[in-house]
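In my numbering, the protein residues as written are 1006 to 1718. The structure appears below as structure tokens.
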């Protein structure tokens, strides 16, 4: 009898979630009934309908969350380690100035250092920026790998990204020698970065000199394909004589007349090139800053892929995104525990976790055809016998990386590979694979398998979310609408989950209404909610408190801290009035032909002053952005309303009883907006709000307060 490689359990909170669903549903029905039987604002009714609908969609995540455990130590009883299926690792980068090449190289080195048979491991790096700086960094990384891999193996190093390992400190003896070598690598790459190109005096071998001589004729939007085999397992060995894994650099061909389909296009080029070169049955996709933190992570994925009863319908195994370098309270909500842990656990109990874009092991066959397709047998796991650097193989690889390859092959990006049509290709690809009948698994071990860098800039955090909102709208209003198409192809609850993400951008409507309307009414002394003495008051109190208490319990149950929960809910409010609003406007404009959504990279570069403020828990607002104008406007309206409203309440008999809910709402938003007030009026450091943004916010809030006179009097 084959050993048990994995097991799972329905989460104990599922029963409580269903009980809460029943009570909360009755509460919402009563709330809507109250709206229809008493004089009420149409805008508040609209806000409550949207909030109720989004809550209903979110219940798919809570209906059947599951937890899983793997037993990788039993794998060798099923298959010898030397017979593990081959693994191709895909790493994408696109701009050396936003995604520093040394960091990308560290990610690749951490993957090269997996505890995995070296003749069955290949790392492919896609450079969509077509930069000689990135290629130079990888030439240097390939040389460093000859020393780094045996060092990790002999010292049982867990953090196999050299950048992360040396930042953790404690280097002495051999580790100190490795650090000196890595610092030399960084110095050479940074020297090239400062010049903006690779000078020939930085290059040692004649072969490398010839490669970089041709680069001066390239631009990042118009260049031929570049494929460079930097390490080849059949030829290259480390300093101990152990074979090295394959390392291949790829910059696909780009022409101004050919669409390139952003990251999905880069991944599909990697899919085709790797098929021509190594054709491993398993694929791991990694963001360029998402380093391996557990060298045995592939074995955890194999616990599922090598289960013959489980694998025929299994497309991918998704690990959670975890982050390093977050400050104490995670002020920008960079952990994303709701999405990457709670959301994935909930989906895993339905059709399977969604693809999160990184830390995901795919069955190659699932990207080409519908299920069921079993994993190849151990006899099919044989390593290719040819040299990757042979002329014939490189010719096939260049053809696969051609900008014209997909001309006439319409199935690419629609039925084959990573899907086109959305800026969030990960969400869309996972959804479409599930609609085809594939399932997936969420693997969440105690030790994070991968660690990345979350945005440490407020403008980066909200800009990233804006791109996500536009991307999910593109899926929502396509023929593959999750509620209409997904509910039929997967299940109703899974369709609810995907639709919840697809309508993320709609948060701007209820949050803007609740952020302005009750406050303007408070300013003019008009009550919009039941009195504190009215029994209906307790309905509002129950809905608000039960929502937040459930959210807090779930957040802390998956390892969150209470102050980080507060930061994350504050960022939800901030993104709701910034990223959500402008993402919705961008999408509407693109649909009427006024603009086209673009793929903007999140910068991985840390600016010294901004980073220092972040470490001290201070927001950085020193950017003239419409995002901050909307934040400042709502913050000012709320603080003015609570001051004038409180004065009116004190002067009027029974005023507190009448206005308690509106005072509470204003106080709640004022509390969340405290960093905005500091940045506008008290801070003197480099992170304060630009004067132009403060003036624009004061002007807009004044206009809104004046307009309220026409609405409420």
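Virtual Cβ for every residue (Gly too), placed ideally from N, Cα, C. Because the structure is a prediction, the values reported are computed rather than measured.
Output the boundary residues of the beta strand (DSSP E) element that contains residue 1323.
Working through the chain shown from its first residue, we reach residue 1323 at position 318. Run containing residue 1323: 1319-1323, per the beta strand (DSSP E) assignment.
Could you check what DSSP says for residue 1489 in three-state terms: helix, strand or coil?
Locating residue 1489 in the chain shown gives position 484, counting from the first residue. Note: residue 1489 maps to helix in three-state DSSP.
Can you tell which of 1083, 1410, 1656, 1466 has the C-alpha that lies nearest to the C-alpha of residue 1258?
Here residue 1258 is taken as the residue at index 253 of the chain shown, counted from 1. Checked all of 1083, 1410, 1656, 1466; the closest Cα to residue 1258 is 1410.
Can you tell me whether residue 1417 is helix, strand or coil according to DSSP?
The residue given as residue 1417 occupies position 412 in the chain shown. Residue 1417: strand per DSSP, three-state reduction.
At which residues does the beta strand (DSSP E) containing residue 1012 begin and terminate?
Translated into positions along the chain shown, residue 1012 becomes position 7. Taken as a continuous stretch (DSSP letters only), the beta strand (DSSP E) holding residue 1012 covers 1011-1015.
Run through DSSP, which three-state label would residue 1311 get?
Working through the chain shown from its first residue, we reach residue 1311 at position 306. Residue 1311: coil per DSSP, three-state reduction.
Which residues does DSSP pair with residue 1248 in a beta bridge?
Against the chain shown, residue 1248 aligns to sequence position 243. In DSSP, residue 1248 forms a bridge with 1242.
Is it the case that the region 1452-1465 contacts the region 1615-1633, given that we only count it when at least three CB pairs across the two stretches are under 8 Å?
yes
Can you give the Cα-Cα distance for residue 1153 and residue 1096, rounded to whole angstroms?
Here residue 1153 is taken as the residue at index 148 of the chain shown, counted from 1. Here residue 1096 is taken as the residue at index 91 of the chain shown, counted from 1. Those two C-alpha atoms are separated by around 19 Å.
According to DSSP, which residues form a beta bridge with residue 1095?
Your numbering for residue 1095 matches position 90 in the chain shown. In DSSP, residue 1095 forms a bridge with 1129, 1290.
If you count every other CB in all the chains shown that lies within 10 Å of the CB of residue 1684, and 16 or more means buried, which is it?
Numbered from 1 along the chain shown, position 679 holds the residue referred to as residue 1684. Counting Cβ neighbours within 10 Å, residue 1684 comes out buried, since at least 16 surround it.
Helix, strand or coil: which one does DSSP assign to residue 1234?
Taking the first residue of the chain shown as position 1, residue 1234 is located at position 229. It is a strand residue.
Assumed close pair residue 1702, residue 1637 - CB separation to whole angstroms, cut-off 8 Å
Translated into the one-based positions of the chain shown, residue 1702 becomes position 697. Translated into the one-based positions of the chain shown, residue 1637 becomes position 632. Yes, residue 1702 and residue 1637 are in contact; Cβ-Cβ is about 3 Å, under 8 Å.
Using only the alpha-carbon positions, how far apart do residue 1032 and residue 1555 sit?
If you number the chain shown from 1, residue 1032 lands on position 27. If you number the chain shown from 1, residue 1555 lands on position 550. Each residue's alpha carbon lies about 15 Å from the other.
Using a 10 Å radius around the Cβ and a threshold of 16 neighbouring Cβ atoms, would you call residue 1395 buried or exposed?
Taking the chain shown and counting its residues from 1, one reaches residue 1395 at position 390. The residue is exposed, with fewer than 16 neighbouring Cβ atoms inside 10 Å.
Taking C-alpha atoms, which residue in 1184, 1044, 1179, 1162 lies nearest to residue 1171?
Taking the first residue of the chain shown as position 1, residue 1171 is located at position 166. Taking only the C-alpha atoms, the option nearest residue 1171 is 1184.
Could you tell me which residues DSSP pairs with residue 1075 in its beta bridges?
One-based indexing of the chain shown puts residue 1075 at position 70. Beta-bridge pairing links residue 1075 to 1011.
Given residue 1306, which residues of its chain have a CB within under 6 Å of its CB, disregarding the five upstream and five downstream residues?
The count along the chain shown starts at 1 and reaches residue 1306 at position 301. 1322, 1366, listed in sequence order.
Take every Cβ of the region 1290-1308, pair it with every Cβ of the region 1118-1130, and state whether three or more of those distances are shorter than 8 Å.
yes
Residue 1114 versus residue 1590 - alpha carbon distance:
Numbered from its first residue, the chain shown carries residue 1114 at position 109. Numbered from its first residue, the chain shown carries residue 1590 at position 585. So the alpha carbons of these two residues sit roughly 41 Å apart.
Proximity of residue 1239 and residue 1392 at Cβ, strictly below 8 Å:
On the chain shown, position 234 is the one that residue 1239 refers to. On the chain shown, position 387 is the one that residue 1392 refers to. Yes; because the gap between Cβ atoms is below 8 Å, this pair is in contact.
Where residue 1408 falls, given that 16 or more other Cβ within 10 Å makes a residue buried:
In the chain shown, counting from the first residue as 1, residue 1408 sits at position 403. That one is buried.
Can you name the start and end residues of the alpha helix (DSSP H) that residue 1047 belongs to?
For the purposes of this step, residue 1047 is identified with residue 42 of the chain shown, where counting begins at 1. Looking at the DSSP string, the run of the alpha helix (DSSP H) that includes residue 1047 is 1047-1068.
Alpha helix (DSSP H) segment containing residue 1084, residue limits:
Taking the chain shown and counting its residues from 1, one reaches residue 1084 at position 79. Where residue 1084 is concerned, there is no enclosing alpha helix (DSSP H), given that its DSSP letter is neither H nor E.
Give me the Cα-Cα distance between residue 1496 and residue 1040, rounded to the nearest whole angstrom.
Position 491 of the chain shown, counted from the start, is the residue given in the question as residue 1496. Position 35 of the chain shown, counted from the start, is the residue given in the question as residue 1040. Using only the alpha carbons, I get a separation of about 32 Å.
Using a Cβ-Cβ cut-off of 8 Å, state whether residue 1466 counts as contacting chain B.
The structure shown contains no chain B, having only a single protein chain.
Length of the line joining the Cα atoms of residue 1196 and residue 1343:
Numbered from its first residue, the chain shown carries residue 1196 at position 191. Numbered from its first residue, the chain shown carries residue 1343 at position 338. The alpha-carbon atoms of residue 1196 and residue 1343 are separated by roughly 41 Å.
Assigned secondary structure, residue 1148 (DSSP; H/G/I helix, E/B strand, else coil)
Here the question's residue 1148 lines up with position 143 in the chain shown. Three-state result, residue 1148: helix.
Spatial distance of residue 1132 from residue 1228 (CA atoms):
Your numbering for residue 1132 matches position 127 in the chain shown. Your numbering for residue 1228 matches position 223 in the chain shown. Near 12 Å, if we compare the C-alpha coordinates of residue 1228 and residue 1132.
Go through its chain and collect everything with a Cβ distance to residue 1403's Cβ below 7 Å, but skip five positions before and after it.
Numbered from its first residue, the chain shown carries residue 1403 at position 398. Once the five neighbours on either side are set aside, the close Cβ partners of residue 1403 are 1230, 1232.
What runs of the alpha helix (DSSP H), each 4 residues or longer, lie entirely inside the region 1620-1661?
1631-1656
Select from 1694, 1665, 1645, 1289 the residue whose C-alpha is nearest the C-alpha of residue 1675.
Translated into the one-based positions of the chain shown, residue 1675 becomes position 670. When only C-alpha atoms are compared, the closest one is 1645.
At 3 residues or longer, and completely inside the region 1249-1282: list those beta strand (DSSP E) runs for me, N to C.
1251-1256
Could you say which of 1673, 1700, 1677 lies nearest to residue 1686 if we only look at CA atoms?
Stepping through the chain shown from its first residue, residue 1686 is reached at position 681. Comparing Cα positions, the closest option is 1700.
By the three-class DSSP mapping on this structure, what secondary structure does residue 1737 have?
Residue 1737 lies beyond the stretch modelled for the chain, which goes from 1006 to 1718, so this question has no answer here.
Compute the distance between the beta-carbons of residue 1502 and residue 1026, then report whether it is under 8 Å.
Locating residue 1502 in the chain shown gives position 497, counting from the first residue. Locating residue 1026 in the chain shown gives position 21, counting from the first residue. Not in contact: residue 1502 and residue 1026 (Cβ atoms no closer than 8 Å).
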